[in-house]
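In full-length UniProt numbering, the protein residues as written are 1 to 355. Even for Gly, the Cβ is constructed at its ideal location relative to N, Cα and C.
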Ligand code: NAD
Ligand code: DAU
């Protein structure tokens with residue numbers, strides 16, 4: 001049994017779906033169901049007895065302690081976070097609360113649980129913290145890609161809060177011996193990606209005939225990885241990662257934002273042409289830049305490749321085609337997320353259950 005936090009969000013739900021497709025080992029999935037958490041992402045698991053969903057906050061220590069005691073998981077994988085840079089600029093408080101204070105509370109309960117384990121259960125236990133390449137800050141054009149020893153230099157409230165959580169996780173290993181692993185991944189894309197983030201926003205706006213807002217000059221570079229490749233990396237680190245180590249995860253896929261948007265438009269032109277026969281690229285609109293916008297991220301993934309034998313299965317071309325196709329095939333998911341209908345459902349369904 002493993003315990004996953006944030007497993008109703010974009011990456012967490014892909015991870016839980018993948019895990020249960022490949023393993024009989026049960027998953028306790030604890031999620032606060034913020035605007036970004038969606039039980040529709042887990043719809044295929046409704047009748048699966050190996051999936052135990054718990055609506056709660058990682059900061060709810062009483063409930064966390066009870067869950068750990070009851071289910072005795074062999075690992076905790078922490079995806080739960082506020083994840084959107086723009087939202088962190090508009091309102092950093094939730095980021096501090098969940099990403100820093102919430103991770104602290106989670107670490108405290110996991111430490112207490114682990115302390116009481118004995119023998120093999122204690123030896124084999126793992127706490128895997130899912131983090132981001134944004135903690136390393138921004139690269140110049142000619143700089144080498146981020147390695148695990150790159151200094152932390154976070155620039156947004158989001159990345160600063162993730163950096164703080166990484167440091168807490170590290171400290172719990174060095175001070176208390178908690179068996180931790182940390183992954184720092186580049187930009188993910190794929191199914192169930194909330195359409196506030198670049199790729200899904202461009203797909204849904206394009207199809208709705210709306211503008212495709214490009215911040216600044218559109219030449220900021222991100223390093224893109226298909227989400228199921230991130231999930232396979234996390235499984236591999238959980239299986240074979242060295243305690244206390246961090247692993248950078250990426251697909252060697254640096255691309256300027258404008259190229260990403262052009263690729264999305266090209267696929268939509270092919271798969272769902274505009275009624276007027278023109279390209280979706282005509283909807284591109286340059287808008288005011290994000291404050292403090294990091295110019296370039298790039299992940300050096302040699303360590304996880306060399307030490308753990310992990311490699312991504314998708315190229316950008318195969319991954320982006322699958323992604324665009326998924327959004328075309330799932331208009332109900334998009335409209336539920338946009339209309340907030342799924343949140344109304346959650347409110348009535350989980351009435352009284354929120355912690
Ligand atoms: P997301 O915003 O889609 O999902 C976050 C999930 O966490 C949601 O289901 C939300 O309800 C839940 N959550 C938020 N606060 C919580 C709390 N206090 N208690 C319990 N659950 C809570 O995010 P994502 O894109 O899936 O990212 C998952 C993790 O991976 C985050 O830690 C993020 O920093 C990290 N990450 C993301 C990317 C990316 O490109 N999206 C890349 C590298 C790392
Ligand atoms: O690098 C990993 C990180 O990637 C994760 O830790 C974050 O959780 C995740 O949200 C993502 O952060 P970014 O800020 O890179 O992702 P976002 O999709 O918000 O933006 C990607 C790039 O596109 C960024 O340079 C800003 C730009 N952008 C974004 C939006 C939403 C635009 O030009 N227009 C937009 O409308």
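- Residue side-chain check: residue 18 keeps its Cβ at 8 Å or more from all non-hydrogen atoms of the ligand DAU.
- Judged by pairs of C-beta atoms under 8 Å, the segment 147-158 does not touch the segment 190-197, as fewer than three such pairs exist.
- Note on residue 157: 16 or more other CB atoms within 10 angstroms of its CB, so buried under the neighbour-count rule.
- Per DSSP, the continuous beta strand (DSSP E) segment holding residue 28 begins and ends at 27-31.
- DSSP places residue 77 inside the beta strand (DSSP E), whose first and last residues are 75-78.
- Around residue 328, the same chain offers 271 and 272 as residues with beta carbons nearer than 7 Å, after the five sequence neighbours per side are excluded.
- Check the Cα spacing between residue 63 and each of 125, 5, 11 and 93: the tightest is with 5.
- Its Cα nearest to that of residue 120, the residue 179 stands out among 335, 195 and 179.
- Beta bridge pairing from DSSP links residue 254 with 223.
- The C-beta distance from residue 253 to residue 218 rounds to 17 Å, too long to fall under 8 Å, and the pair is not in contact.
- The C-beta distance from residue 56 to residue 20 rounds to 20 Å, too long to fall under 8 Å, and the pair is not in contact.
- Secondary structure at residue 212: strand, using DSSP grouped into helix, strand and coil.
- Residue state for residue 95 is assigned as helix, using DSSP reduced to three classes.
- Checking the DSSP bridge columns, you'll see residue 51 partnered with 27.
- A direct Cα-Cα distance of roughly 10 Å separates residue 204 from residue 196.
- The beta carbons of residue 139 and residue 237 sit about 24 Å from each other, so the pair does not count as a contact at 8 Å.
- If you look at residue 130, you'll find it in the beta strand (DSSP E) that goes 126-132.
- Within 10 angstroms of the beta-carbon of residue 287 lie fewer than 16 other beta-carbons, which makes it exposed.
- With fewer than 16 neighbouring CB atoms inside 10 Å of its own CB, residue 116 falls in the exposed class.
- When 317, 333, 248 and 294 are compared, the shortest CA-CA separation from residue 306 is found for 248.
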